[in-house]
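J.: Okay, handing you the structure first.
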Amino acid sequence: MEIIKSFIESIINIYSNHPKLLLETIILIALCVLLKIYYPKFRGFMGEFWVKLELSKLPKDKYFVFNDIMIKDEKGTHQIDHIVLSKFGIFVIETKNYYGFIKGKEFDNKWIQYLGKNKNYFVNPIHQNYGHIKSLSNLLELEDKYFISVICFSNHAKIDVKSSSIVTQVNDLENEILKYKVLLINNDIKELSNIIISNNIKDKTLRKQHVKNIRIKINNNRALENNMICPKCGNKLVERNGKYGKFIGCSNYPKCKYIKNNITKAGKDTFAQ
Ligand SMILES: [Zn+2]
Numbered sequence: 268m269e270i271i272k273s274f275i276e277s278i279i280n281i282y283s284n285h286p287k288l289l290l291e292t293i294i295l296i297a298l299c300v301l302l303k304i305y306y307p308k309f310r311g312f313m314g315e316f317w318v319k320l321e322l323s324k325l326p327k328d329k330y331f332v333f334n335d336i337m338i339k340d341e342k343g344t345h346q347i348d349h350i351v352l353s354k355f356g357i358f359v360i361e362t363k364n365y366y367g368f369i370k371g372k373e374f375d376n377k378w379i380q381y382l383g384k385n386k387n388y389f390v391n392p393i394h395q396n397y398g399h400i401k402s403l404s405n406l407l408e409l410e411d412k413y414f415i416s417v418i419c420f421s422n423h424a425k426i427d428v429k430s431s432s433i434v435t436q437v438n439d440l441e442n443e444i445l446k447y448k449v450l451l452i453n454n455d456i457k458e459l460s461n462i463i464i465s466n467n468i469k470d471k472t473l474r475k476q477h478v479k480n481i482r483i484k485i486n487n488n489r490a491l492e493n494n495m496i497c498p499k500c501g502n503k504l505v506e507r508n509g510k511y512g513k514f515i516g517c518s519n520y521p522k523c524k525y526i527k528n529n530i531t532k533a534g535k536d537t538f539a540q
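In terms of our numbering, the sequence shown opens at residue 268 and continues consecutively.
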């Protein structure tokens, strides 16, 4: 007790003798709090920035780059991180600003992120990107075969994914796109780019609503998961053994392949889909 008392007394002593130091300490604490709150947003922003920078290296006469596009179809709104239009194909890029060790397969429902001893499941981004490609193919009235799915992780992640479609990292993104050299699209690229521009939702309220809808969906799913109910089919969730160890999945397997999400804020930066 005596030690604590003298410690507090000495601190009070220091600050009363150096009032400027007190102000500096308060500013420092405030900065730490702000950093703690905004760090995920900042990381997300930087992740997108590096991808944009990498895509800006593509020759401008052959590649049209679009960042953060939102389009609407009968199923709702789709937020697409990046689209690269070219005669060699339309690259639809889903960025994942995750770190840790990422493991998955093309047709798995969920992929796994290992953060030390923690294991988090997340929706297979190839499946997620397929929805984006579908919405774009409807919009541009082009068949799926003209679209190339690209999943791009940050350079910090370590990737072990078996897939025939592109799963890459920011540093390799440009090279992966430049590998495609065969002329695939006869349509006027400028015309296609005009369709994207004119259908891109810019309205801030609508964009906010999109994010809000995703949050609501995530929260609803989480509430059901906490009650051990499968959000997909309504059956019970049970603990099961898989090739990567224990996990919580649907008791209606193999009809329903739902696996409980367990993404922690520490490993994931944004909820953007
Ligand atoms: Zn289920």
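Glycine included, C-beta positions come from ideal geometry on N, C-alpha and C.
Within 10 angstroms of the Cβ of residue 425, are there 16 or more other Cβ atoms? Answer buried if so, exposed if not.
T.: exposed
J.: Can you tell me which residues fall inside 6 Å of ligand 3, judged by beta-carbon distance to its nearest heavy atom, and keep chain order?
T.: The model on display carries ligand 1 but not ligand 3.
J.: Which partner residues does residue 507 have in the DSSP bridge list?
T.: 514
J.: Can you tell me which of the three DSSP states residue 337 falls into?
T.: strand
J.: Of all the options 504, 522, 521, which has the alpha carbon lying nearest to the alpha carbon of residue 515?
T.: 504
J.: Give the straight-line distance between the Cα atoms of residue 332 and residue 494, rounded to the nearest whole angstrom.
T.: 44 Å
J.: From residue 539 to residue 313, what does the alpha carbon distance come to, in whole angstroms?
T.: For residue 539, the predicted model reports a pLDDT of 32, less than 50, meaning its position is unreliable and no value from the coordinates is stated.
J.: Assign residue 372 to buried or exposed, taking buried as 16 or more other Cβ atoms, counted over all protein chains shown, within 10 Å of its Cβ.
T.: Residue 372 is exposed by the Cβ-count criterion.
J.: Do the stretch 425-438 and the stretch 404-411 make contact, defined as three or more Cβ pairs closer than 8 Å?
T.: no
J.: Can you give me the C-alpha to C-alpha distance between residue 270 and residue 295, rounded to a whole angstrom?
T.: 26 Å
J.: Please report the distance separating the alpha-carbon of residue 374 from that of residue 298.
T.: 44 Å
J.: Using a threshold of 9 Å, state whether the C-beta atoms of residue 318 and residue 349 are closer than that.
T.: yes
J.: Quick check on the DSSP output: the alpha helix (DSSP H) that includes residue 484 runs from which residue to which?
T.: 471-493
J.: Looking at the structure shown, is residue 533 part of a helix, part of a strand, or coil, going by DSSP?
T.: Note that residue 533 scores 37 on pLDDT, short of 50, meaning its location in the model is unreliable and no value can be drawn from it.
J.: Starting from the Cα of residue 459, find the closest Cα among 523, 405, 277, 276 and give me that residue.
T.: 405
J.: Taking DSSP as the reference, what is the three-state secondary structure of residue 237?
T.: This structure cannot settle anything about residue 237, because the visible part of the chain is limited to 268 through 540.
J.: Based on DSSP bridge pairs, tell me the residues matched to residue 319.
T.: DSSP output for residue 319 lists no bridge partner at all.
J.: Please classify residue 449: is it buried, with 16 or more other beta-carbons within 10 angstroms of its beta-carbon, or exposed?
T.: exposed
J.: How many Å lie between residue 497 and residue 517 at the Cα?
T.: In a straight line, the C-alpha of residue 497 is about 6 Å away from that of residue 517.
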